[in-house]
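Protein chains in written order, with this note's numbering: chain A, 10 to 286; chain B, 10 to 286.
Even glycine gets a Cβ: it sits at the ideal position worked out from N, Cα and C.
A quick write-up on the structure given underneath.
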DNA sequence: TTGACAACTGACTGGTTAGTCATTACTATA
DNA sequence: TATAGTAATGACTAACCAGTCAGTTGTCAA
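This is how it looks when you write it as structure tokens:
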């Protein structure tokens with residue numbers, strides 16, 4: 010484990026316990042068994058640490074959820090898996106999720122909200138695509154309401170999950186939420202949200218999806234991954250993206266090689282967003 | 010306005026802007042135009058200020074919502090009014106509500122969560138009574154889920170309210186939530202929450218409802234209210250509660266006299282809880 | 001063994017915090 | 001006007017904070 014990862018792990022623990030604001034760098038370095046100076050070799054400031062943590066976890070979560078929604082499957086099953094994956098991710102990254110819910114509207118720094126909003130919007134996009142597959146034109150008027158209600162379900166049941174000490178039956182919970190979502194989507198006649206939310210659910214900033222940004226991510230990963238297949242895949246992927254014609258078959262094959270490595274999930278997500286239908 | 014009230018008002022503003030943790034006593038006193046020492050004449054610590062603020066607003070909110078639910082009306086109309094009142098209260102005390110949502114799961118101090126939970130449970134009790142009126146036995150299996158879903162609706166739409174700069178059409182929002190609530194309550198077959206939540210929605214601590222506690226509240230108010238009718242009502246109320254036989258007619262009449270004064274709302278709520286069916 | 005370089009340390013700076021308390025200003029009664 | 005009692009002040013303490021940097025330690029190659 011790199012020093013950076015160690016710091017992130019311990020910081021998350023402390024943030025979850027006491028909140029970001031109330032946790033000092035001192036306490037984090039003590040928990041890590043390193044000196045204060047060593048912290049500043051890995052991160053230039055406390056803010057950078059927090060932003061790194063948000064990026065780190067939100068990328069994992071966003072990529073996983075997107076992957077579930079992109080599958081070629083019965084949309085009803087995907088809806089179930091969407092809920093289940095979401096709750097499983099919250100369980101897996103419980104401490105981070107606690108921090109997230111905790112500081113939610115809270116700022117300390119506008120940059121934090123902005124970053125969280127950015128990833129939130131990405132997930133909203135994926136969810137809207139799923140809703141379109143599920144109900145299509147039938148919920149044209151109410152789709153934003155259905156989206157928001159789904160987020161409300163997730164939000165409030167997550168709170169219970171965190172308040173109670175677990176373990177909950179997440180499969181059963183997801184089943185009941187699928188039922189509720191279908192009922193709401195099929196029966197709701199009155200829309201509330203129309204255009205206001207379009208601003209809130211705005212498209213993600215496009216610069217993230219530039220080819221050069223993706224190439225950078227590949228180069229970053231090249232120095233981190235160890236598996237030879239993955240290294241070669243990254244190398245070929247770079248060539249493909251820089252070449253003139255891109256073979257979908259090769260692309261998908263390469264992404265498949267990389268999909269199981271947590272570090273590469275974000276890259277896979279970015280490439281799929283940009284180059285696959 | 011008392012000095013205490015001035016401090017509460019300005020503190021709420023600053024807390025809403027920057028969060029509780031990030032707001033110093035210094036800043037609060039500067040905003041009030043008083044010295045640091047003067048603050049400590051009104052509150053013994055920052056924690057006491059925060060707890061006072063929570064009490065102050067949660068009492069107003071709890072009492073108002075309880076009053077809506079207690080009316081003798083068509084339950085469907087009460088459901089609508091329940092939502093509308095909730096959102097109107099959030100709008101009225103927007104700054105406090107922001108602080109509440111902001112620090113939500115956050116502790117800084119366990120005492121804060123405990124207090125918020127206490128009032129949350131009171132509102133849950135009122136909501137469950139309303140659900141019983143609305144759907145009775147039909148939702149015996151799913152009533153806790155319906156309760157939680159209602160809270161999810163309120164939570165997530167409130168977040169939108171706070172994120173967007175308002176103004177939203179709260180009447181329309183409440184109408185759509187009535188529709189959604191009815192749909193969920195009448196159509197949901199699969200229960201998820203059963204007994205776990207009974208622990209979370211536990212009854213409020215009973216000591217709050219002791220007669221002596223209510224008498225104390227009357228005495229506290231006697232030195233604060235100015236309207237002669239209200240002063241006399243408090244005096245007679247005290248006699249009634251200390252006497253052996255309590256006349257329901259007199260009681261209700263007195264409560265009616267006091268109901269319009271914001272300061273007295275909590276007393277009215279307490280007496281109704283204890284002495285009226 | 002030596003030298004070069006990177007990793008690491010922790011005392012230190014300048015700043016902010018909650019809370020205290022000797023002192024002063026004000027107010028009301030005699 | 002004199003006096004007693006209360007309200008208010010703000011300099012002060014001790015603790016903590018993020019971030020810095022001169023100096024130490026560890027490592028590896030020559």
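Check                                                                                                                                               : Outcome
So, under 8 Å CB-CB, residue 34/A and residue 55/A are touching, yes? Tell me the CB distance rounded to an integer number of Å.                    : 6 Å
Does DSSP classify residue 59/B as helix, strand or coil?                                                                                           : helix
Would you report the Cα separation of residue 231/B and residue 79/B, rounded to the nearest angstrom?                                              : 26 Å
Within this structure, are the beta carbons of residue 41/A and residue 16/A separated by less than 8 Å?                                            : yes
In this structure, how does DSSP classify residue 259/A when only helix, strand and coil are distinguished?                                         : helix
Could you give the DSSP three-state label for residue 202/A: helix, strand or coil?                                                                 : coil
Does the distance from the C-beta atom of residue 203/B to that of residue 88/B stay below 8 Å?                                                     : no
Check whether the Cβ of residue 63/A lies closer than 8 Å to any Cβ atom in chain B.                                                                : no
Against chain B, with Cβ distances strictly below 8 Å, would residue 166/A count as a contact?                                                      : yes
Can you pull the chain A neighbours of residue 161/B, defined as C-beta to C-beta under 7 Å?                                                        : 161, 162, 164 and 165
Counting only C-beta atoms, is residue 181/B closer than 8 Å to chain A at any point?                                                               : yes
Excluding the 5 residues flanking residue 234/A on each side, which residues of the same chain have their C-beta closer than 8 Å to its C-beta?     : 240, 243, 270, 272 and 273
Which one of 173/B, 181/B and 70/B has the shortest CA to CA distance from residue 128/B?                                                           : 70/B
List the residues of chain B whose Cβ lies closer than 8 Å to the Cβ of residue 185/A, in chain order.                                              : 154, 197, 199, 200 and 201
Which of the three DSSP states is assigned to residue 29/B in this structure?                                                                       : coil
Would you tell me roughly how many angstroms separate the C-alpha atoms of residue 260/B and residue 152/B, rounded to the nearest one?             : 33 Å
Could you check whether the Cβ of residue 114/B sits closer than 8 Å to any Cβ belonging to chain A?                                                : Low confidence applies to residue 114/B: its pLDDT is 47, below 50, so where it sits in the model is not reliable enough to give any reading.
Decide if residue 90/A is buried, meaning its Cβ has at least 16 other Cβ atoms within 10 Å, or exposed.                                            : buried
Using 8 Å as the threshold, is the stretch 159-175 of chain B in touch with the stretch 175-185 of chain A, meaning 3 or more CB pairs across them? : no
At 4 residues or longer, what runs of the alpha helix (DSSP H) sit wholly inside the stretch 218-283 of chain B?                                    : 220-231, 237-251 and 257-267
Give the interface partners of residue 55/A over in chain B, defined as CB-CB distance under 7 Å, in chain order.                                   : Going along chain B, no residue has its Cβ under 7 Å from residue 55/A, so there is no contact; the nearest lies around 13 Å.
Can you tell me where the alpha helix (DSSP H) with residue 167/B in it begins and where it stops?                                                  : 152-172
What does the alpha-carbon distance come out to for the pair residue 145/A and residue 201/A?                                                       : 18 Å
Reducing DSSP to helix, strand and coil, say where residue 65/A ends up.                                                                            : helix
Using the Cα positions of residue 285/A and residue 66/B, report the straight-line distance between them to the nearest angstrom.                   : 52 Å
If contact means a Cβ-Cβ distance below 8 Å, which residues of the stretch 119-144 of chain A contact chain B?                                      : none
Step through the CB atoms of chain B and report whether any lies within less than 8 Å of the CB of residue 225/A.                                   : no
By the 8 Å beta-carbon criterion, what residues does the stretch 81-110 of chain B contribute toward chain A?                                       : 107 and 110
Just the Cα atoms here: how many angstroms apart are residue 60/B and residue 48/B?                                                                 : 15 Å
Taking just the CA atoms, how far does residue 26/B sit from residue 161/B?                                                                         : 25 Å
Taking the Cβ atom as the reference point for each residue, do residue 199/A and residue 227/A lie within a distance shorter than 8 Å?              : no
Under a CB-based cut-off of 8 Å, is residue 217/A close to chain B?                                                                                 : no
Alpha carbon to alpha carbon, how far is residue 107/B from residue 172/B?                                                                          : 10 Å
Quick one: give me the first and last residue of the alpha helix (DSSP H) that residue 183/A is part of.                                            : 179-196
Runs of 4 residues minimum, wholly inside the stretch 85-113 of chain A: which ones carry the alpha helix (DSSP H) assignment?                      : 103-112
Assuming residue 80/A is part of the alpha helix (DSSP H), what are its boundary residues?                                                          : Neither: residue 80/A is in no alpha helix (DSSP H) and is coded neither H nor E.
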